[in-house]
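Taking mature numbering (1 follows the signal peptide of the UniProt record, and there is no 0), I'd label the letters of the sequence shown as residues -19 to -1, 1 to 155.
Worksheet: one structure, shown below.
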Amino acid sequence: MKIRHLLLVSALASGSVLAADKADENPVTESGKVKIEWQSPKDFRDIKSAGELQSRYEKRLFDTLTKALDKDVSSSLKDNQKLELTVTDVDLAGDVRPTFGATANDIRVVKNVYPPKISFSYRLMEGDQLVIAGDEKLTDMQFLDHVDRINSDSFRYEERMLKDWFQKTLKPKL
């Protein structure tokens, strides 16, 4: 009888853990003048967590990139303009490697051979009117060569890549 009770408790506990790690199919993040739909993140090339619950890691990644892009674009856009992105693929800088028991978590090894990449379509809206639209496949092959202030943000390479894209591609068209 005790074994059945123990098995039942174990099954319920593991079911709730699995449910807690289930992420939205197409999450949407919004901050200020930026709205991003993350289309099928389960199919993204590399957004693997190295030691954090995967659903929390994805939420932190999506929120961080949305807020960083909003910070970069908000002063350049008019009050009634909004930048909407649909992200179709992300490959974070580096590669997650197992530690084979040396530590409790895997580690993300960042080298030149693992550049950050992101693919998305974008629309700049002014009210209900489309101003500019396009598709992008960004890769920053020199991501480790940038001289930057001391920055320990987890997603600094991806943030910089999106900022550079906005400054070089979209801002001149405004």
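Ideal Cβ positions, reconstructed from N, Cα and C, are used throughout, including at glycine.
DSSP places arginine 26 in the coil class of the three-state scheme, outside both helix and strand. Boundaries of the alpha helix (DSSP H) around leucine 50: 35 to 54.
In this structure aspartate 53 is buried. Its beta-carbon is surrounded by 16 or more other beta-carbon atoms within 10 angstroms. In the DSSP assignment, methionine 106 is bridged to Lys63, Leu111. In this structure, the CA atom of aspartate 109 is about 39 Å from the CA atom of tyrosine 95.
In the three-state reduction of the DSSP assignment, leucine 119 falls in the strand class. Rounded to the nearest angstrom, the gap between the Cα atoms of lysine 149 and lysine 14 is 19 Å.
Three or more beta-carbon pairs separated by less than 8 Å are not found between the region 53 to 66 and the region 31 to 41, which leaves the two stretches without contact.
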